[in-house]
Amino acid sequence: MIIEFEKIFYTYACSQKPTIENLSLQLHGGKRYGLIGNNGSGKTTFLRLANGLYRPHHGLIRISGKPLNYDRQSLKEWYQQVGLVFQDPEQQLVATTVEEDLSYGLCNLGIPNIEIEQRVAITLKDFNLTELAHFPVNYLSLGQKKRLAIADVMILKPKILLLDEPTAYLDPKQRKELIKQLEQIFKEGTTILLATHDLDFIYRWADWIFVMDRGKIALEGTPKQVFEQKILLEQLDLDIPLELKLRTSIIDN
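Under numbering that gives the first Met the number 0, the sequence shown has 88 at position 89, and the numbering climbs by one with no breaks.
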């Protein structure tokens, strides 16, 4: 087991009702996790708690049985193990050029310049960014920015990659390229948890799915197990993947 969340509560300062309420789940290594739920269900807040950006008001987050501490050094180590890619890549692209952006996090960790140069060169190649190394970040397409945001996280070699709506606003070609990149990251040993509204994608891609509703886990299981719960999904105002709709239509006819 990599991460365990035990009875987590989190309430924003401007709200009286918890956004995350009594949430417990476990993430095991070597799996592709999907996180689905309607807007306001708590998906983004959960990802930020998992990454250590937010601190739960109640409950514990553990990694390999050890509670997450929130002192500066502990969080620094946590960020290297659990990487988060925001829905809007511009929220985490901080430098002028692609190459500078990739080196930013490594510099903050005090990694020697020689190792930084090596890691940047490898990452540029792995993420098909070599030709854009000196390109201004502001002029990148949305697909390129999302690819760079993922590369910014993966250059730190995390054990877990968290992504918030990574396929949102991408055209079909960009979406296909991103999914291919995620498959490669997974094959290289990184556990992935991905929050999305794209049910067709998550049905085909995930090994295990968590369904969130009002800050809690309402349902979890394999894609087959989750999407068989049609009555519960309907109560949660969630649809089923098109593939299953078509299959059901063929059977009914």
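Every residue gets a Cβ at the ideal spot worked out from N, C-alpha and C, and that includes glycine.
Scanning Thr95, Lys65, Ala148 for the CA closest to the CA of Glu3 turns up Lys65. Check the Cα spacing between Thr195 and each of Pro171, Phe85, Glu182, Glu233: the tightest is with Phe85. The Cβ-Cβ distance between Lys145 and Pro88 falls below 8 Å. Cα atoms of Tyr103 and Gln234: separation of roughly 45 Å, rounded to the nearest angstrom. Counting the other CB atoms within 10 Å of its CB gives Tyr9 a total of 16 or more, which places it among the buried residues. Per the coordinates, the alpha-carbon of Lys124 lies some 40 Å from the alpha-carbon of Thr18. When DSSP assignments are scanned along the region 26 to 59, the uninterrupted stretches of alpha helix (DSSP H) that are 4 or more residues long and fall wholly within it turn out to be 42 to 50.
In the DSSP assignment, Ala120 falls within the unbroken alpha helix (DSSP H) covering 112 to 125. In this structure the region 113 to 129 does not touch the region 74 to 82; the number of beta carbon pairs closer than 8 Å is below three. A direct Cα-to-Cα measurement between Asp238 and Leu198 gives close to 8 Å. In this structure, Gln224 is the residue among Gln224, Ala217, Glu114 with its C-alpha nearest to the C-alpha of Tyr202. Assignment of Thr195 by DSSP, reduced to helix, strand and coil, places it in the coil class. With contacts defined as CB atoms closer than 8 Å, Gly51 and Val81 qualify as a contacting pair. Boundaries of the beta strand (DSSP E) around Glu219: 215 to 220. Distance from the CA of Ala217 to the CA of Ile115, rounded to the nearest whole angstrom, comes to 43 Å.
Take the alpha-carbon of Tyr168 and the one of Gly214: they are about 25 Å apart. Secondary structure in the region 124 to 202: the beta strand (DSSP E) runs of 3 residues or longer, each lying completely within the stretch, are 159 to 163, 190 to 194 in chain order. In the assembly as shown, Gln143 is a buried residue. Its beta-carbon has 16 or more other beta-carbons within 10 Å.
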